[in-house]
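Asker: Each step along the sequence shown adds one to the number in numbering that gives the first Met the number 0, with nothing skipped, and position 150 is 149. Glycine residues also receive a C-beta, built at the ideal position from the N, C-alpha and C atoms.
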Amino acid sequence: MKSILLATTVLFTGFFAVAADPMQGLPASVALLHSALYGANICSKDLPVGSEIYELGKGKKLYLVPCVMGAYQGSTNAFITENDDQIAVPLMVLAFDEVINGIAPTLELTEASYDEKKMLLYSSAKGRGLGDCGQSSISKIELSEYGTVGVKTVEVRSKSKCDGKLSGWPIVFKQK
């Protein structure tokens with residue numbers, strides 16, 4: 000079941016707007032690890048959404064922690080917790096790295112979303128607002144019968160050339 004942590008501030012500017020601090024309400028293990036990896040004050044404190052929590056089963060949870068919101072997409076960091084949130088580990092997926100022109104692990108997700116029924120984690124980064132270039136990934140969260148959590152990236156798509164054509168980004172990595 001999904002939960003959303005919202006520490007809201009209501010602003011009045013002719014209409015109501017809600018701002019969320021994504022770090023508010025996180026368990027100490029996630030907040031400390033996030034700060035150690037990314038810096039204590041790197042994330043915006045006034046995002047349109049707060050952190051999301053998903054129950055994975057067997058005492059494990061997935062935390063999606065938004066960090067920065069750009070003009071048309073935001074970055075998210077993901078963590079898996081266990082033992083009543085006492086232990087947290089960063090979630091790593093595969094992505095296309097243009098510098099090495101190949102697949103590489105990353106901790107950073109863009110426009111992350113999670114499908115609880117299929118246990119799939121999605122990330123999609125537009126190269127520009129039009130969406131004619133960029134990359135995306137689909138990763139399967141697997142929970143073993145012993146309670147261990149595995150993350151398996153099953154598909155990566157990437158299109159580096161921003162050419163104005165909105166055709167689907169080609170698959171550059173796929174596994175079952």
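Looking only at C-alpha atoms, which of Gly24, Lys57, Glu81, Leu61 sits nearest to Ala111?
Answerer: Leu61
Asker: At 3 residues or longer, what runs of the beta strand (DSSP E) sit wholly inside the stretch 20-78?
Answerer: 51-56, 59-68
Asker: Can you tell me whether Tyr53 is buried or exposed, with buried defined as 16 or more other CB within 10 angstroms of its CB?
Answerer: Result: buried.
Asker: If you pair each beta-carbon of the stretch 106-120 with each one of the stretch 132-146, do three or more pairs fall below 8 Å?
Answerer: Counting C-beta pairs with one atom in each stretch, the stretch 106-120 and the stretch 132-146 have three or more that are closer than 8 Å, which means they touch.
Asker: Output the boundary residues of the beta strand (DSSP E) element that contains Thr105.
Answerer: 101-105
Asker: On a Cα-Cα basis, can you pick out the residue from Thr80, Glu81, Pro65, Asn82 that is closest to Ser74?
Answerer: Pro65
Asker: Name the residue from Ser166, Gly146, Leu106, Val148 whose alpha carbon lies nearest to the alpha carbon of Gly133.
Answerer: Ser166
Asker: Using a Cβ-Cβ cut-off of 7 Å (strictly less than) and excluding sequence neighbours within five positions of Asn82, which residues of its own chain qualify?
Answerer: Gly58
Asker: Less than 9 Å separating the beta-carbons of Leu32 and Ala77?
Answerer: no
Asker: Just grab the DSSP bridge partners of Pro169 for me.
Answerer: Note: Pro169 sits in no beta bridge, so no partner.
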